[in-house]
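If you're matching positions, the sequence shown starts at 42 in this note's numbering and goes up one per residue.
Glycine included, C-beta positions come from ideal geometry on N, C-alpha and C.
Every value quoted in this text rests on a predicted model; they were computed, and no experiment measured them.
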Amino acid sequence: MSGVVRVALVDDQALMRAGFRALLDAEDGVEVVGEAANGEEGVALVRAQVPDVALVDVQMPVMSGIEATRRIAADPALAAVRVVILTNYGLDEYVFEALRAGASGFLLKDTEPADLLQAIDVVAHGEALLSPSVTRTLIGEFVARPPDRTTAPGLSNEEIAAHMVISPLTAKTHISRAMTKLGARDRAQLVVFAYESGLVAVRRTP
Numbered sequence: 042m043s044g045v046v047r048v049a050l051v052d053d054q055a056l057m058r059a060g061f062r063a064l065l066d067a068e069d070g071v072e073v074v075g076e077a078a079n080g081e082e083g084v085a086l087v088r089a090q091v092p093d094v095a096l097v098d099v100q101m102p103v104m105s106g107i108e109a110t111r112r113i114a115a116d117p118a119l120a121a122v123r124v125v126i127l128t129n130y131g132l133d134e135y136v137f138e139a140l141r142a143g144a145s146g147f148l149l150k151d152t153e154p155a156d157l158l159q160a161i162d163v164v165a166h167g168e169a170l171l172s173p174s175v176t177r178t179l180i181g182e183f184v185a186r187p188p189d190r191t192t193a194p195g196l197s198n199e200e201i202a203a204h205m206v207i208s209p210l211t212a213k214t215h216i217s218r219a220m221t222k223l224g225a226r227d228r229a230q231l232v233v234f235a236y237e238s239g240l241v242a243v244r245r246t247p
């Protein structure tokens, strides 16, 4: 990882927090700035420390991770903070709710340690991230392209560039401009906009 990434841990399970702290403390370039046992404490911790990344459990007492994320994202003083939602489960109703609330990532708690570290680095540098299993299910179960759309969802800059026959830099520029115009924090917010504006449609199950 480049530079020191400051991380806040927000989870009601002490054992889970201890595991994350042990993993992150052993990693050069990562500093755990504090722990919180519920969403309310998590918001207070983030406001006090202003970390680069907050790892936030989706279900907690007092205040849920979704509401904590919403409050963090709504605070102009915390605009640089990126929230990664953690869950024990696969895709459920929380995914879009978390993204709408302002989360930049969504990971399963059984993610491999190396993948978690990579995720923290990716999100800290302004990119959005969903765990591969969540992304696959999200695309397969919740989102389907309308018949007149041919562009596949979830492409990297390089894949977008190849598909549109432009350079990766041009693709990145277009994405950055779209984020600026829509006031999106990151790519995750662009996904939400596409979903809510009808660019992609919810697949209705019979």
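Review point. Out of G75, Q90 and I161, which has the shortest C-alpha to C-alpha gap to D52?
Key: With distances taken between Cα atoms, D52 lies closest to G75.
Check your understanding: Would DSSP call E153 helix, strand or coil?
Key -> Coil at E153, not helix or strand.
Check your understanding: Going by C-alpha distance, which of V99, R112 and L119 is nearest Q54?
Key -> Measuring from the Cα of Q54, the nearest candidate turns out to be V99.
**Study point:** Distance between beta carbons of P92 and A49, contact taken as under 8 Å
**Key:** So it is a contact: roughly 4 Å between Cβ atoms.
Check your understanding: Which whole-angstrom value describes the C-beta separation of R123 and V84, a residue pair presumed to lie in contact below a C-beta threshold of 8 Å?
Key -> Wrong, their Cβ atoms sit about 15 Å apart, outside the cutoff.
Exercise for review: Go through its chain and collect everything with a Cβ distance to I207's Cβ below 7 Å, but skip five positions before and after it.
Suggested key: Taken in chain order, the list of residues that qualify is empty.
Review point. Looking only at C-alpha atoms, which of A155, A115 and T128 sits nearest to V87?
Key: Considering only alpha carbons, the answer is A115.
Point to revise | Extent of the continuous alpha helix (DSSP H) run through I107 | key: Residue range G106 to A115 is occupied by the alpha helix (DSSP H) that includes I107.
Point to revise | Contact check, G143 vs I126, beta carbons under 8 Å | key: Between G143 and I126, the C-beta spacing is not below 8 Å.
Practice item. Name the one or two DSSP bridge partners that A15 has. Key: Any property of residue 15 remains undetermined from this structure, which presents the chain solely from 42 to 247.
Review point. Going by beta carbon distance, what residues of the same chain come within less than 7 Å of A165, once the five residues before and after it are set aside?
Key: If we look at A165 and ignore the five residues flanking it on each side, its Cβ neighbours are V46, D93, V94 and R123.
Exercise for review: State the CB to CB distance for the pair E138 and I107, rounded to an integer number of angstroms; the pair is presumed to be in contact (CB under 8 Å).
Suggested key: In this structure, E138 and I107 form a Cβ contact; the two beta carbons are roughly 5 Å apart against a cut-off of 8 Å.
Check your understanding: By a C-beta neighbour count over all protein chains shown, 10 Å radius and 16 as the cutoff for buried, is R218 buried or exposed?
Key -> The residue in question, R218, is exposed, as its Cβ has fewer than 16 Cβ neighbours within 10 Å.
**Study point:** Alpha-carbon spacing of G44 relative to V73, whole angstroms
**Key:** Annotation: G44 to V73 spans about 14 Å, alpha carbon to alpha carbon.
Practice item. Would you tell me roughly how many angstroms separate the C-alpha atoms of V71 and L65, rounded to the nearest one? Key: For V71 and L65, the distance between alpha carbons rounds to 6 Å.
Check your understanding: For L119, which residues from the same chain have a beta carbon less than 8 Å from its beta carbon, with the 5 sequence-adjacent residues on both sides left out?
Key -> Excluding residues within five positions, the ones whose Cβ falls inside 8 Å are V87, R88, V91 and I113.
Review point. Which class does E168 belong to by DSSP, given the choice of helix, strand or coil?
Key: E168 falls in the coil class under three-state DSSP.
Check your understanding: Cβ of V97 within 8 Å of Cβ of A78?
Key -> Taking 8 Å as the Cβ cut-off, V97 and A78 do not qualify as a contacting pair.
Check your understanding: What three-state label does DSSP hand V73 in the structure shown?
Key -> Under the three-state reduction of DSSP output, V73 falls in the strand class.
Check your understanding: DSSP three-state call for R80: helix, strand or coil?
Key -> It is worth fixing the name first, because residue 80 is Gly in this sequence and not Arg. When secondary structure is reduced to three states using DSSP, G80 falls in the helix class.
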